[in-house]
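**Q**
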Amino acid sequence: LKNCLIAACQRQGILPVIYETENNFDFKYAIDCGMQATPIYGDVEVEDVDEETGEITVHTENRIIDYDGDFLYYDSSILAEMYGDMDYSSGKRVSKKRKIVVIEDIAYSMNEILDLQDEGEIQQPVCFIWDSVGSIPSFKSVVSKTGNNMFDAGAISVAFNTLLNNRIPASRRINNPYTNTFVCVNKIWNDSMNSMGGLPSIELKGGKSIFFAARLILHLP
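Sequential numbering of the sequence shown, starting at 70, is according to the numbering used here.
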């Protein structure tokens, strides 16, 4: 579904912005699904080990090192490199850089891209695609060195409040030149402990802030 969505966006002149925080995006598979992406080749050092002697030799091979096209792609390492110096408790950039991507980085990046659209640097609709909610911690969880679900749910509620309730819905106004969309995959599970009437309830990793803001929800077994 995600790959077909990316391809559909490109066909319609919509810029897909891909946030891959599960770090398993397969460009070859996405291209098979219709995504337009051109491989970029470069020299890569490869080690060969002689099974008999254990001797290691290094040689260079020309391999695919990246892809180019009408899309923006961010995985965890790219996001950490771009926003790892952001201290979200103070709202300032600091000298010490964290290596772990956090929930707030996604929202910060989305706001930056929407700002570029407002300023005319991006002149097309945008579709943000995040896979997936629940795959990365909040800034507070990282700083406190704990995996706290309440911290993460609170971070999603605060960081995405303006995006979900203002900036993206406002793009649907008739006087707005571009209509923007946010699509995300959310980790869920059935909670039978807190169920009513014997039926398990669906719980969402990171809380229900995005769930309650959604216009369309697909539950896939």
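In this text, a Cβ means the ideal position worked out from N, Cα and C, and glycines have one as well. All values derive from a computational prediction rather than experimental measurement.
Which value, in whole angstroms, describes the spacing of the CA atoms of Lys161 and Leu148?
**A** 16 Å
**Q** Between Gly276 and Ile205, is the Cβ-Cβ spacing less than 9 Å?
**A** no
**Q** Trp319: buried (16+ other C-beta within 10 angstroms of its C-beta) or exposed?
**A** The question about residue 319 has no answer, for the chain in this structure spans 70 to 290.
**Q** Do you know whose CA, among Asn230, Ser240, Arg241 and Ala283, lies nearest Asn255's CA?
**A** Ala283
**Q** Classify Val202 as buried or exposed, calling it buried when 16 or more other Cβ atoms lie within 10 Å of its own Cβ.
**A** buried
**Q** So what's Glu190 in DSSP terms, helix, strand or just coil?
**A** coil
**Q** Does the Cβ of Glu89 have 16 or more other Cβ atoms within 10 Å, making it buried, or fewer, making it exposed?
**A** buried
**Q** My parser needs the beta strand (DSSP E) runs of 3 or more residues fully inside the segment 217-288; what are they?
**A** 250-255, 257-265 and 268-273
**Q** Figure out for me which residue from Thr215, Pro290, Asn218 and Asp187 has the closest Cα to the Cα of Ala239.
**A** For the residues Thr215, Pro290, Asn218 and Asp187, the minimum Cα distance to Ala239 belongs to Asp187.
**Q** For Ile175, I'd like the list of residues in its chain whose CB is within less than 7 Å of its CB, leaving aside the five on either flank, ordered along the chain.
**A** Tyr88 and Trp199
**Q** Starting from the Cα of Ile134, find the closest Cα among Lys166, Val113, Ser207 and Leu289 and give me that residue.
**A** Val113
**Q** Is Val195 near Ile182, with beta carbons less than 9 Å apart?
**A** yes
**Q** Nearest CA to the CA of Leu232: which residue from Ser213, Gln193, Ile279 and Glu121?
**A** Out of Ser213, Gln193, Ile279 and Glu121, Ile279 has the C-alpha closest to the C-alpha of Leu232.
**Q** Would you mind stating whether Phe208 and Ser145 have Cβ atoms separated by less than 9 Å?
**A** no
**Q** Could you name the residues of the same chain whose beta carbon sits closer than 6 Å to that of Ile83, not counting the 5 residues immediately before and after it, in chain order?
**A** Pro194 and Cys196
**Q** Once DSSP output is grouped into helix, strand and coil, what is the label at Lys166?
**A** coil
**Q** With DSSP as the reference, please indicate the residues paired to Phe96 in a beta bridge.
**A** In DSSP, Phe96 forms no bridge with anything.
**Q** Please say whether Ile125 and Asp117 have beta carbons closer to each other than 9 Å?
**A** yes
**Q** Near Glu91, which residues of its chain fall below 7 Å by C-beta distance, leaving aside the five closest residues on each side in sequence?
**A** Asp200, Ser201 and Ser204
**Q** At the level of alpha carbons, what is the spacing between Pro108 and Asp221?
**A** 36 Å
**Q** Once you ignore the five residues that flank Trp258 on each side, which residues in its own chain have a CB closer than 7 Å to its CB?
**A** Around Trp258: Glu272.
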